[in-house]
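Line by line, the protein sequences are chains A and B.
Per our numbering, the first sequence starts with residue 1, numbered consecutively.
Per our numbering, the second sequence starts with residue 1001, numbered consecutively.
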Amino acid sequence: MEFFVHSGVAPGSPFARSLHRREFLHRAGLGFGGLALHAMLARDGFGATGAESAYLPPSGRPQFTPKAKSVIWLFMRGGVSHMESFDPKPALNRYADKSISETPFASVLDPEKRKKVRVVVVNDANGQQRTKIYPLQTGFKRYGKSGIEVSDWFPHIGSCVDDLAVIRSMWTTDDNHGAQVQFHSGRHMLDPRVPTIGAWVKYGLGTLNENLPQFINMGPRFFDPRDGHYLGPAYDAVKLKVDPKNPLDYAQPEIALDANEQKLGFDLVSRLNRLNQSRYPGDAGLDARIKSYELAYRMQMAVPETIDFSKESEATKNLYGLDQDETRLFGEQLLAARRFVERGVRFIQIMHGDGAAGAWDQHSKLKAEHSKLAMQVDRPIAGLLKDLKQRGLLEETLVVFGTEFGRTPGSQGADGRDHHPYGFSVWMAGGGIKGGIVHGATDELGFHAVESPHYVTDLHATLLHQMGLHAHHLEVPGHKRLEVDFGEVIREIV
Amino acid sequence: MRARIQLGRFSTTLILAWVAALCPALAIDYLRDIKPVFKERCQSCHGALKQQAGLRLDTAARLLAGGKDGVVVVPGKPDASRLIDRLTTSDVHERMPLEAAPLQPQQIAAIREWILAGAPVPPDEKGEEDPLEHWSFRRIERPPMPEIGEVAHPVDRFLVAKHREKKLRTAPEAERTLLLRRLYLDLMGLPPTAEQLSDERAYEDIVDELLASSHHGERWARHWMDVWRYSDWYGLGDQLRNSQKHLWHWRDWIVESLNEDKGYDRMIEEMIAADELAPGDADAVRATGFLARNYYLFNRTTWLDDTLEHTGKAFLGLTLNCAKCHDHKYDPIEMVDYYNLRAVFEPHQVRLDPVPGVIDFEKNGIPRVFDDHPDAETFLHVRGDPANPDKTIKITPAVPAVFAAFAPPLEPVALPLGEWAPATRKTFQEDHLAAARAKVEATGKDLERALAKAGAGGAPVAKAADPAKEVALAEAARDVAVAELAHLEAVIAADTAALAKPDEALACAASQREAEMLAARAKSDLLKLGPDGDTKKVKAAEEALAVAEKKLAAKDADYTPLRGAKKALETPEHKEDTYGPSFSPTSTGRRLMFAKWITSRENPLAARVAVNQVWMRHFGEPLVETIFDFGRQAPRPEHLELLDWLAVEFMESGWSFKHLHRLLVTSQAYRRCSSNAGMDPATLAADPVNRFYWRANPRRMESQVVRDSLLHLAGELDVSMGGPSVPPNGSSKRRGIYFTHSRDEEDKFLTMFDNADILQCYRRPESIVPQQALALANAAISLDASGKIAARVHAARPGADRGAFVDGVFMILLGRFPEGDERNACLDYWTEMDSLESVKATRDPEATIRSRLVHAVLNHNDFVTVR
């Protein structure tokens, strides 16, 4: 939350100029968590003269001309079968029920090629390679001018395929659901926790709307409830529900309180805190708290207004699937996301699929469950893409569809697929991403990413690039980032 | 493109030389352009820490002197200098720095240029200091105290000496009530009541009283729980994956230890090795929850890595973890040291010991560690990869070699019987026998009731549907209970005898009783299922009966011994009965050796690190900024003499935290006000960040203190101490320290105010975010407390006017009276509230306004601030 944006002292005032950035930090009594303040003060120009530290936090402005202003990050918890969504593999039908070693592609099982996986749960019931080929459980159709094939479980997304860049060559290293953490942070579950991509965007970019949180999460989380980690809790996503009565924690009084009384109380607090400034001149903590209190009050108004759909037309609501039970919940989150984007929120992270492991985790009943889950998200996502497009927002809004990993070409039990980190699909749309293209490929069985393989942080780097940020410039002292954390921009799709 | 290719034909050196010639200001300056590159990229292997190939690059003279293979720089001839070869070769096994990115082209160009210019050596260049001369690696000696005439307090003498030297003026002492509020919050985590704020006793007497309060232990336990990573267990569903059940025993041990002022040295020893230091002491062993917390079901290496990393950071201020994959880049800790330290912990495992009176480990048990595999080997993992152990390097349990001089000897510890064979504990056996007897009695009564119902005796009662079946079922249940008791007695007898020498007859008896018990259970199950029962279950019961009857006939001596502890699974494939009922009768003594090394008077780190932690929590800023890294990356602190004096004083006081607290909070430095107002402009200009503690630093309350304060001021706080973790987000009014706190469970209100991160929390962040304002404005706890606090303030002076009420509210919530404008603001508010319809409609409008006014002041910055 950017209450620091103008931290009580008008930027450029003689007082502000006379104060050193570090002085502010110390006065605020903010240690580690003061990173936020540190960054924000510097952003406001308070830190510009401070030469004692080589470290300069991001300016809050893009480092080069951005293509995108906001991100809508859709994450399917569990692992979506790439072979039954965006990466058709007819060979699975040809070799159905055969062992992989009986096919011409037996070499995919070569242990050397599978070394990159770091096992968390040794000998777990799940996360094993399955060798008996399981045929495709759905058909594919070509869509749009590009003729890209999309499975029959995602016909609405199919109808938007000319706006998508489908990446069929993702890989990760966790064969279990710690991959949720990895997809967001780039680090394996057994590594120390580091900030997630949403936290980095928040860290790197200033807000476009001071009345709303800049980084929002909707939907269930599990393996790691935090985002900011060493950036501090100010960089955690604000948890939000599409419930105008209670959209975020403590958004409304838990014990009834008359609005007029609330307003008078708010005014009194502001007045008292300002009077306190003469008692404690130059107390950055006090100044920041005044700002944060005022922002809280505005947020309390602005958030419910944003998730109030009463002014949306029926046509728009139906576009997102609000007229159907199956699609309503996810559709509401996506419609809310569009409204947040319109109001300048930078990063909206939406998680789909309940349960600890995530709903998209069909170790059995793949056909029944995957088709049901796909139905929940297909229409809302297509609705979002179309709505953004018709409002001219898609150009500056990057939509990402991701998941933990793919699923095994082989069957698990009678009717399931296991976790598969060696190759899986994601897609991006809008925000300057080329539409109607397929990038990268897995082998004939959908086993390994073989053509232009991308580790998950390449997705992060691409996203940051579209937002006008250099991944390498997002660093803080004392926390070494590794080369793998930065990833590389997927040039072919931008 | 073409231009670039053409440029490439010239060597960069030529271009640089040309530029330098044209523009002398751009000429290469060794100190500016080269030395920093060597320092950053080369010196960890070629400097004071290590001298690979006998070569050092920390001074130009040493570089020119070369290494054991001769010179590496030929002045004036970069192309003949091996340094340049090694920096630029395309062979990655040869290119320096090894296993790292090469130097930047312009850095290499600068080095070439410098060599070309004859490699001029600057005069009086200082090399890198001997690593063992680093300030925190030197033995802690008590420095002489500055003589400052009228200043008596040791802390002030060190600080005032600096103030005089720097010509800094100090802030005056804080108002007494503000100071008392600060003191109460710091020592107890609860604000003073109105009565306590008007306490006229001497300040020092109040300090002593607060230190003696049991709330003091709770307050400081929470701080240390941050540092020591307290977390209740978590996992997936019912599967325990991290930490241990009932870890609150360790929390209670921390609270109790602090309250009784147990020495910090003893605390460290108990946390790492209570089982070896005081075998059989059930109170002390709770301390090893510190290690049990690191339990991780899936990966032993991760588990031990966490143990080493956080033992190093918490007690030693050493980043041992940096030596896992390679020698430490900055500190004299080698990779072998890391694995030697791992060997210290290699034998240990975690188990739950029984708590007297409880036989179900799900209900209670003490999580603790013990040496389960005294002979477990440790290998160095090549590049930190557990799949790649190097078996040629001998790894032995040891402390880091450079600090080994004061390591105590390694001596195995013989354990008392109850420790390694916990089922032999009298209380344990008696608890089980009592439970078995109670079951016999209860099933007997059930049988009597069934018989009564069946009309077999006494007055007829309501007829059962099938009285005969009910009687048969009750009879079977009673038979099971009787067989279980008989079995338990037989097993205890056999187990007890076997400790001296296995007794064939007793073992046979135990085996027979076991078979009888299994048969009775199977018969009871069959009866319960009836002829139409679930076929699978019927079949299972029939099979069980057959097995039991076979065993009965076999008359063997195979019986299942009693299990007196519940060992945590080493890997997910294991089951509880993978492990035997008793453990190793000796402990290796490795952890005790390690713990005693940490607490040795010769250890230069432990006391300094602890004093710094305590100082930070009283003064808002630490003396050493890098609180968990006192290694060579930590510059010499400004107030090192003060730190050392306090560290020696701390150790010589018997590592008494209470002594340290008393010393710190009675200083003038602690008692100063936290405002810049009216301060000497020269002081503000000279030390704007208050490095010299010329005023106090305001701090934000920790999450628990915010919540506990609300409840305490409202008169609602439940002050009962200890016991199992309390589910968060409910109606409990216990102190926040008692809430379950894990990855998956956390109190929502507490999370708003930077709750402790269970993975690493050496210092709580103090963020200021709007959610905090929303929580204080809208949470039920705050709204509810407002009414209660208002009622209490009003009740103290029922006849007082509005102004006096405002005064009372300011005092109790902020620790001071309002100034004129502040009082007026509140009175204006009162008038405005008077006219609101919603207020008028309430039963007692004045009371409503009083409550709302308190609610507003709770949202004042200074309520959540330790001023």
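Quick reminder that beta carbons are idealized off the backbone N, C-alpha and C, glycines included.
As the structure is a computational prediction, the values presented were derived from the model and not from experiment.
- Think of a sphere of 8 Å around the beta carbon of K1039 of chain B: no beta carbon from chain A falls inside it, the nearest being about 14 Å out.
- At the C-beta level, K1575 of chain B and F1361 of chain B stay beyond 9 Å of one another.
- When only Cα atoms are considered, E492 of chain A and D1784 of chain B end up about 59 Å apart.
- For R1266 of chain B, no beta strand (DSSP E) run applies; the uninterrupted alpha helix (DSSP H) run containing it begins and ends at 1264 to 1277, by DSSP.
- Exclusion of the five residues before and after E1173 of chain B leaves L1179, Q1668, R1671, R1672, C1673 as the residues of its chain whose Cβ lies within less than 8 Å of its Cβ.
- Along the stretch 238 to 254 of chain A, the positions whose C-beta sits under 9 Å from a C-beta of chain B are V238, L248, D249, Y250, A251, Q252, P253, E254, read in chain order.
- When Cβ pairs closer than 8 Å are counted between the two stretches, the stretch 1802 to 1812 of chain B is seen not to touch the stretch 327 to 336 of chain A, the count staying below three.
- In terms of Cβ geometry, S1851 of chain B and A1791 of chain B form a close pair [threshold 9 Å].
- Checking the DSSP bridge columns, you'll see V71 of chain A partnered with A:F347, A:L398.
- The beta carbon of V269 of chain A falls within 9 Å of a beta carbon belonging to chain B, placing the residue at that interface.
- Looking from the CA of K116 of chain A, the closest CA among A:S146, A:H472, A:G144, A:D175 belongs to A:D175.
- Using a Cβ-Cβ cut-off of 9 Å, Q300 of chain A counts as an interface residue toward chain B, since at least one Cβ of chain B sits closer than that to its own.
- Residue state for P1389 of chain B is assigned as strand, using DSSP reduced to three classes.
- Three or more pairs of CB atoms, one per stretch, sit closer than 8 Å, so the stretch 1403 to 1414 of chain B contacts the stretch 1595 to 1607 of chain B.
- Among the residues facing chain A, Q1772 of chain B is included, as its CB has a counterpart in that chain under 9 Å away.
- Residue environment for T1307 of chain B: buried (at least 16 other C-beta atoms within 10 angstroms of its C-beta).
- The residue among B:G1678, B:I1627, B:S1742 with its C-alpha nearest the C-alpha of S1136 of chain B is B:I1627.
- Every alpha helix (DSSP H) stretch that sits fully inside the stretch 267 to 327 of chain A and reaches 4 residues is listed by chain position as 284 to 306, 314 to 319.
- P233 of chain A sits in a helix when the DSSP states are folded into three classes.
- Apart from the 5 residues on each side of it in sequence, A1796 of chain B sits with its Cβ closer than 8 Å to the Cβ of A1194, G1808 in its chain, given in chain order.
- Put simply, of A:Y293, A:R279, A:T457 the residue whose alpha carbon is nearest the alpha carbon of G1678 of chain B is A:R279.
- Straight-line measurement puts the Cα of Y422 of chain A at about 7 Å from the Cα of R114 of chain A.
- The C-beta of Q362 of chain A has 16 or more other C-beta atoms within 10 Å across all chains shown, which makes the residue buried.
- The residue from B:P1332, B:V1071, B:Q1429, B:H1432 with its alpha-carbon nearest to that of A1404 of chain B is B:P1332.
- For I167 of chain A, no alpha helix (DSSP H) encloses it; the enclosing beta strand (DSSP E) starts and ends at 164 to 171.
- Per DSSP, the beta-bridge partners of V426 of chain A are A:I167.
- In this structure the stretch 403 to 414 of chain A does not touch the stretch 143 to 155 of chain A; the number of beta carbon pairs closer than 8 Å is below three.
- Here Y95 of chain A has T103, I133 as same chain residues with Cβ atoms under 6 Å from its own Cβ, once five neighbours each way along the sequence are excluded.
- According to the DSSP assignment, L1236 of chain B belongs to the beta strand (DSSP E) that extends over 1234 to 1236.
- Remark: C-beta atoms of T1588 of chain B and P1422 of chain B do not approach each other more closely than 9 Å.
- By the 16-neighbour rule on beta-carbons within 10 angstroms, S101 of chain A is exposed.
- Closest in C-alpha terms to L257 of chain A, from the list B:L1836, B:Y1184, B:N1294, comes B:L1836.
- With a threshold of 9 Å between beta carbons, H1639 of chain B makes no contact with chain A.
- Per DSSP, reduced to three states, the secondary structure at H184 of chain A is helical.
- In this structure, the alpha-carbon of W1253 of chain B lies about 6 Å from that of A1287 of chain B.
- A check of alpha carbon separations from R1176 of chain B across B:R1169, B:Y1184, B:T1170 identifies B:Y1184 as the nearest.
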